[in-house]
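*Asks:* I have a structure here, written as structure tokens, and I will follow up with some questions on it.
Number of protein chains: 2
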Amino acid sequence: MSSLKSKILVVATDLFQTRGINSTGVDTIVAVAGTTKMTLYKYFTSKENLILEVLEKGHQDFQSWLSEQLNSNVKKPSDKLQKLFEFIEEWVTSPNFRGMGFIKASAEFPNEESPIHQLSSEQSRQFRQFISSLATEAGIHDADGLALQLSLIFEGAVQAEQMKRGSGAMKYAKKASKILIDSALTN
Amino acid sequence: MSSLKSKILVVATDLFQTRGINSTGVDTIVAVAGTTKMTLYKYFTSKENLILEVLEKGHQDFQSWLSEQLNSNVKKPSDKLQKLFEFIEEWVTSPNFRGMGFIKASAEFPNEESPIHQLSSEQSRQFRQFISSLATEAGIHDADGLALQLSLIFEGAVQAEQMKRGSGAMKYAKKASKILIDSALTN
DNA sequence: AAATCCATATACAGACCTGTATATATAAGA
DNA sequence: TCTTATATATACAGGTCTGTATATGGATTT
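Spelled out as structure tokens, the structure:
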């Protein structure tokens, strides 16, 4: 991938998170990225296309990092669920954390026909499914139910942490997840 | 309050929830409300002012309804926390539910200097404080911590329920809240 | 050195949005 | 009937945004 294209992606990811997607114009993006609109529209067919690529890259980076961490650091598959929030906290509190795109995107694009809304919904569903499969491996009966609960907490904590760094939201989310997992294991 | 003003408020609340705040122009609002821009700008000094009034009305309606329900239906103050999510579910699943404004507003207006961001943050903080006071009355030690956990679940569930009616998010949020409250009571 | 590719600089069309100006209709009260 | 208050109809100024057109600069390859 071109260096300019990835620069634009990084800058857009940043600005979308800090200023909102709709409030960030392409002029601002190219100005911060140090390039011009002509170049942006060479790599992306439209602003919508840019948003979609930002979402896709963000989700892929997160998912592949998370899978890698779980696979290389946790031996027993049934222990992965317990460690999940440890790694999520590590990701969220890392200095290069730039928010979870799909959480904000679904709020800014509520129209169900919008491709952006559809992609972010799909990513949210995929993440829930990922948690559910870990829960199943851990021997939990209502895996989908627990996955929904954990994703609610996770998405809320990420949103809170991103809005106010060091809010402690992630710490309490981690505690809550432990309690909910323990409860689901003994039922 | 003038009939037209409250009509505009209701319509704006609806459109902001279903289409997003930034994506909803004042032309659309007055067209749906069956009036004109001149009238809207008679009652509201600007679109920002309209948004602020929509947020304030939504939050007041919810908080006063919730307090009323808790006060008139729960005798012992220490039982209020347990019943909290029952009433919230009732509110969220009622046919005239129009979303919790402050959840979406803080996502669409991330700039901390924006009055809209400030108001929605304040409302979120107030709601958390309300839960914390119920937790204290119920004899819970780390009331603020539990309040944060419950508000994370609550905001996530409202968001999910509003995005997809009948998603079951509220049902699992209720279960999670019971587990977390029980755990906090025995620690 | 000539040709080709890549990015820049700049300008602008067309759409949309907020907020206002002006003129008109309607209804109620004196 | 005359006046006053309230809502409508319509047009538009000024701004922002996306996306494109046109011309220029610089670097690499042949």
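Heads up: the protein sequence lines correspond to chains A and B, in order.
Here the working numbering is used: the first residue of the first sequence is 1, the next is one more, and so on.
Here the working numbering is used: the first residue of the second sequence is 188, the next is one more, and so on.
Where is the CB? At the ideal position from N, CA and C, for every residue including glycine.
This one's a predicted model, so the numbers in the text were calculated from it and none came from an experiment.
Of all the CB atoms in chain B, is at least one closer than 8 angstroms to the CB of residue 153 (chain A)?
*Replies:* yes
*Asks:* Identify the contact partners of residue 152 (chain B) in chain A, using a Cβ-Cβ distance below 8 angstroms as the criterion.
*Replies:* The question about residue 152 (chain B) has no answer here: the residues shown for chain B are numbered 188 through 374.
*Asks:* Taking residue 78 (chain A) and residue 137 (chain A) to be in contact with their CB atoms under 8 angstroms, please state how far apart those CB atoms are, rounded to whole angstroms.
*Replies:* 6 angstroms
*Asks:* Roughly how many angstroms lie between the CA atoms of residue 331 (chain B) and residue 361 (chain B), to the nearest whole one?
*Replies:* 19 angstroms
*Asks:* Can you find at least 3 beta carbon pairs, one from the segment 292-311 of chain B and one from the segment 118-135 of chain A, that sit closer than 8 angstroms?
*Replies:* no
*Asks:* With a cut-off of 8 angstroms on the beta carbons, I'd call residue 11 (chain A) and residue 32 (chain A) a contact; round off their distance for me.
*Replies:* 5 angstroms
*Asks:* What residues of chain B sit near residue 20 (chain A), judged by a beta carbon separation below 9 angstroms?
*Replies:* 209, 294, 295, 296, 297 and 298
*Asks:* What residues from the segment 30-42 of chain A come within 8 angstroms of chain B, judged by C-beta to C-beta, listed N to C?
*Replies:* none
*Asks:* Distance, Cα to Cα, residue 356 (chain B) vs residue 347 (chain B)?
*Replies:* 6 angstroms
*Asks:* State the start and end residues of the unbroken alpha helix (DSSP H) segment that holds residue 97 (chain A).
*Replies:* Per DSSP, residue 97 (chain A) belongs to no alpha helix (DSSP H) and is neither H nor E.
*Asks:* Run down chain B in chain order and give the residues with a C-beta less than 9 angstroms from the C-beta of residue 47 (chain A).
*Replies:* The contacting residues do not exist; residue 47 (chain A) stays about 14 angstroms from chain B at best.
*Asks:* Buried or exposed, going by whether 16 or more other CB atoms sit within 10 Å of the CB of residue 24 (chain A)?
*Replies:* Buried: at least 16 other Cβ atoms inside 10 Å.
*Asks:* What residues from chain A crowd round residue 212 (chain B), counting only those whose CB sits closer than 7 angstroms?
*Replies:* Below the 7 angstroms Cβ cutoff, chain A contributes no neighbours of residue 212 (chain B), its closest Cβ being approximately 12 angstroms away.
*Asks:* Could you give the first and the last residue of the continuous alpha helix (DSSP H) run that contains residue 334 (chain B)?
*Replies:* 330-350
*Asks:* Report the rounded CA-to-CA distance for residue 185 (chain B) versus residue 274 (chain B), giving the unit in angstroms.
*Replies:* Nothing about residue 185 (chain B) can be reported from this structure: the residues present for chain B run from 188 to 374 only.
*Asks:* Could you check whether residue 104 (chain A) and residue 294 (chain B) sit closer than 8 angstroms to each other, using their CB atoms as the reference points?
*Replies:* yes
*Asks:* So residue 340 (chain B) and residue 153 (chain A) are in contact, right, with Cβ under 8 angstroms, and what is the actual spacing, rounded?
*Replies:* 6 angstroms
*Asks:* Residue range of the alpha helix (DSSP H) that residue 208 (chain B) falls in?
*Replies:* Premise fails: residue 208 (chain B) is in no alpha helix (DSSP H) and is neither H nor E.
*Asks:* Quick check: is the beta carbon of residue 104 (chain A) nearer than 8 angstroms to any beta carbon in chain B?
*Replies:* yes
*Asks:* If we cut at 8 angstroms on Cβ distances, does residue 335 (chain B) have a partner in chain A?
*Replies:* yes
*Asks:* Could one say the Cβ of residue 350 (chain B) lies closer than 8 angstroms to chain A's Cβ atoms, at least one of them?
*Replies:* Interface residue, yes.
*Asks:* Could you compute how far the alpha carbon of residue 123 (chain A) sits from the alpha carbon of residue 151 (chain A)?
*Replies:* 12 angstroms
*Asks:* Please give the ranges of any alpha helix (DSSP H) in the segment 210-242 of chain B, keeping only runs that are unbroken, at least 4 residues long and fully inside the region.
*Replies:* 213-220 and 224-230
*Asks:* Please list the terminal residues of the continuous alpha helix (DSSP H) segment that includes residue 360 (chain B).
*Replies:* 356-372
*Asks:* Sort A:7, A:89 and A:133 by Cα distance to residue 44 (chain A) and report the nearest one.
*Replies:* A:7
*Asks:* Between residue 214 (chain B) and residue 272 (chain B), what straight-line distance do the alpha-carbon atoms span, to the nearest angstrom?
*Replies:* 38 angstroms
*Asks:* With burial defined as no fewer than 16 other Cβ atoms inside 10 Å of the residue's Cβ, what is the status of residue 204 (chain B): buried or exposed?
*Replies:* The C-beta of residue 204 (chain B) has 16 or more other C-beta atoms within 10 Å across all chains shown, which makes the residue buried.
*Asks:* Residues in the same chain with beta-carbon distance under 6 angstroms from residue 367 (chain B), minus the five sequence neighbours each way, listed in chain order, please.
*Replies:* Excluding sequence neighbours, residue 367 (chain B) sits near 336.
*Asks:* Say whether chain B places a C-beta atom closer than 8 angstroms to the C-beta of residue 188 (chain A).
*Replies:* This structure cannot settle anything about residue 188 (chain A), because the visible part of chain A is limited to 1 through 187.
*Asks:* Got a sec? Which residues, its chain only, sit under 8 angstroms from residue 259 (chain A) by beta carbon, not counting five neighbours each side?
*Replies:* Beyond the ends of chain A as shown, which are 1 and 187, falls residue 259 (chain A); an answer cannot be given.
*Asks:* Give a single yes or no on whether residue 75 (chain A) has its beta carbon closer than 7 angstroms to a heavy atom of the ligand FMN.
*Replies:* No copy of the ligand FMN appears in this structure; indeed no ligand is present at all.
*Asks:* Please go through the same chain and pick out, in chain order, the residues whose beta-carbon is closer than 7 angstroms to the beta-carbon of residue 176 (chain A), but skip the five residues on each side of it.
*Replies:* These residues qualify, in order along the chain: 153.
*Asks:* Tell me which residues of the segment 356-370 of chain B have at least one Cβ-Cβ distance to chain A shorter than 9 angstroms, keeping chain order.
*Replies:* 356, 358, 359, 360, 362, 363, 366, 367, 369 and 370
*Asks:* For residue 67 (chain A), which three-state DSSP category applies?
*Replies:* helix
*Asks:* Which ranges would you report for the alpha helix (DSSP H) in the segment 78-136 of chain A if only whole runs of at least 4 residues count?
*Replies:* 80-93 and 101-108
*Asks:* Measure the C-alpha to C-alpha separation of residue 102 (chain A) and residue 59 (chain A) and round it to an integer number of angstroms.
*Replies:* About 8 angstroms.
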